[in-house]
Amino acid sequence: MNRIHSKPSIPRHLTRLALLGLVAGSFGLVACSNQEDERTVGQQIDSSISQTERNAAEAKADMAAATSSAADSVNDAAITTAIKAELARDSNLSAMDINVDTEAGRVMLRGSAPDAVARDRAYSLATGVDGVVAVNNELVIKPN
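For this note's numbering, add 151 to where a residue sits in the sequence shown, where the first one is 1.
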């Protein structure tokens, strides 16, 4: 009976953290050889471990921030798409050239509307989309 053995894959972030630990440990060993340092070897190792833990925590926070930023960009794109779909469904607004930009849930409407009712309707549709925090309606009224 043949069995296929595969090596378990190690997540990339764990590999990076292990490498970071090795580098920090190497610096710790170098620090141990410093004759001017009056700390004991144990204190120097403890200090190196603490520094490694701080570096790992910073790396984790940086990764979380990058992930959050990417998620915000995806959410903004989804909000923009949803607003454009709502505008396209509205028979009075579908033919209008309305530019929709979204950043951090804040929507900017630019372009023209044939009258105040259409301008207000575009604003109303945009505010009704999930995830919208605020709408800045810069639509200019230009009668046909």
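All C-beta atoms in this analysis are idealised placements derived from N, C-alpha and C, irrespective of residue type, glycine included.
The residue among I249, A267, G279 with its C-alpha nearest the C-alpha of M259 is I249. Taking 3 residues as the shortest admissible run, the segment 193-255 contains the following complete beta strand (DSSP E) segments, listed from N- to C-terminal end: 249-254. Contact between R272 and N243 holds: their C-beta atoms lie close to 7 angstroms from each other, under 8 angstroms. DSSP places V258 inside the beta strand (DSSP E), whose first and last residues are 257-264.
Secondary-structure assignment with DSSP links V291 through a beta bridge to S263. Residue pairing for A285: DSSP places it in a beta bridge opposite R257. A buried status is given to S199, since no fewer than 16 other beta-carbon atoms sit within 10 Å of its beta-carbon. Spanning the alpha carbons of E289 and G256 requires a straight line of approximately 16 angstroms. Straight across, the Cα-Cα distance linking E204 with T191 is about 20 angstroms. The beta carbon of E254 sits closer than 8 angstroms to the beta carbons of D227 from its chain, once the five residues preceding and following it are set aside; these are given in chain order. Nearest in C-alpha terms to A264, of all of V291, T231, A277, is V291.
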